[in-house]
Every structure is written in C-alpha cells, then in structure tokens.
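Below you'll find the structure, written out as structure tokens, and then a few comments.
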Amino acid sequence: MTRLSELRHRLTLQEVQRVSDGAGGATTSWTDVAEVWAQLTPAGGSEGVEAGRLAGKLAYEVVLRYRDGVRPAMRFVFGTRVFEILTAADVGERRRWLRCLCEERDL
Numbered sequence: 001m002t003r004l005s006e007l008r009h010r011l012t013l014q015e016v017q018r019v020s021d022g023a024g025g026a027t028t029s030w031t032d033v034a035e036v037w038a039q040l041t042p043a044g045g046s047e048g049v050e051a052g053r054l055a056g057k058l059a060y061e062v063v064l065r066y067r068d069g070v071r072p073a074m075r076f077v078f079g080t081r082v083f084e085i086l087t088a089a090d091v092g093e094r095r096r097w098l099r100c101l102c103e104e105r106d107l
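1 is the number of the first residue of the sequence shown in full-length UniProt numbering; add one for each residue after it.
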C-alpha cells in the first residue's frame with residue numbers, strides 16, 4: 001500500500017464549470033478545487049488516430065489521501081500536464097486512500 005512519503009507530486013484538482021452564453025449554448029472553464037499531494041505512477045499507453053491525426057494517450061494511477069467528491073468529471077493538473085479522471089475508487093472502502101485511474105492525452 002502507499003506510504004505518505006510516496007505522495008511527492010503536488011497536483012491541482014479541478015472541476016468543470018458551464019456557464020450559459022445567453023444564446024442557447026454554454027461556455028466551459030475549469031475551476032481549482034484543491035491542491036493535493038499524490039503518487040503519480042504510469043500504468044500504460046496507446047496511440048491512435050483521432051480527428052485525422054495521430055494522438056497518444058498515457059494511463060496513470062494517481063493515489064492520494066481519501067477525499068469526498070472526486071469524480072470522473074474532474075481532472076488533475078501538474079504543471080502544464082492534464083490528467084483526466086476516468087475512475088475514482090475508495091481503496092478498501094475505508095476512506096483512507098483514493099485511487100484514480102487517469103489519462104493524459106495528446107502526447
């Protein structure tokens with residue numbers, strides 16, 4: 001299991017905000033929710049064609065101390081890198097650790 005000393009990456013947790021543009025559409029922006037210490041571990045990668053161009057994806061496992069409200073509609077930011085949350089699971093259902101499977105795109 002993860003030790004506190006392994007939480008060496010300072011990530012920003014963000015959630016999307018959608019604001020009506022008054023013309024029937026919406027504008028989206030990302031808002032910071034929290035700064036968290038986490039363990040960031042590569043878990044695999046792939047590449048494929050998206051929108052007519054070659055695009056890379058790299059999967060990561062992000063482990064942090066348990067935090068309520070983390071869900072797949074959110075993301076982590078580390079410097080200029082963005083990790084979209086695919087799943088968030090309470091490890092052992094003890095509300096001690098949260099393990100998120102994330103994806104970094106457009107590599």
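All C-beta atoms in this analysis are idealised placements derived from N, C-alpha and C, irrespective of residue type, glycine included.
>> Alpha carbons only, please: which of R81, V62, A34 is nearest the one belonging to L87?
In response: According to the sequence as given, residue 87 is Thr; it is not Leu. T87 has its Cα closest to that of V62, out of R81, V62, A34.
>> Please state the DSSP three-state secondary structure of V91.
In response: Helix, per DSSP.
> Residues in its own chain within less than 6 angstroms of Q17 by CB, not counting five upstream and five downstream?
Replying inline: Excluding sequence positions up to five before and after Q17, its CB lies within less than 6 angstroms of the CB of S29, T31, all in the same chain and listed in chain order.
> So, F76 versus L11, is the Cβ gap smaller than 7 angstroms?
Replying inline: Taking 7 angstroms as the cut-off, the Cβ atoms of F76 and L11 count as close.
> By how many angstroms is the C-alpha of T2 removed from the C-alpha of A89?
Replying inline: Distance between the alpha carbons of A89 and T2: 14 angstroms.
> Can you give the Cα-Cα distance for C102 and A26, rounded to whole angstroms?
Replying inline: Each residue's alpha carbon lies about 26 angstroms from the other.
> Which residues mark the beginning and the end of the beta strand (DSSP E) in which S20 is found?
Replying inline: Counting along the chain, the beta strand (DSSP E) containing S20 begins and ends at 9-20.
> Going straight from the alpha carbon of F78 to that of T41, what length do you get?
Replying inline: If I take the Cα positions, the gap works out to 13 angstroms.
>> Let me make sure I understand the geometry here. Which of F83, R65, G44 has the alpha-carbon closest to that of G92?
In response: Checked all of F83, R65, G44; the closest Cα to G92 is R65.
> Residues in its own chain within less than 7 angstroms of V19 by CB, not counting five upstream and five downstream?
Replying inline: Around V19: A26, T27.
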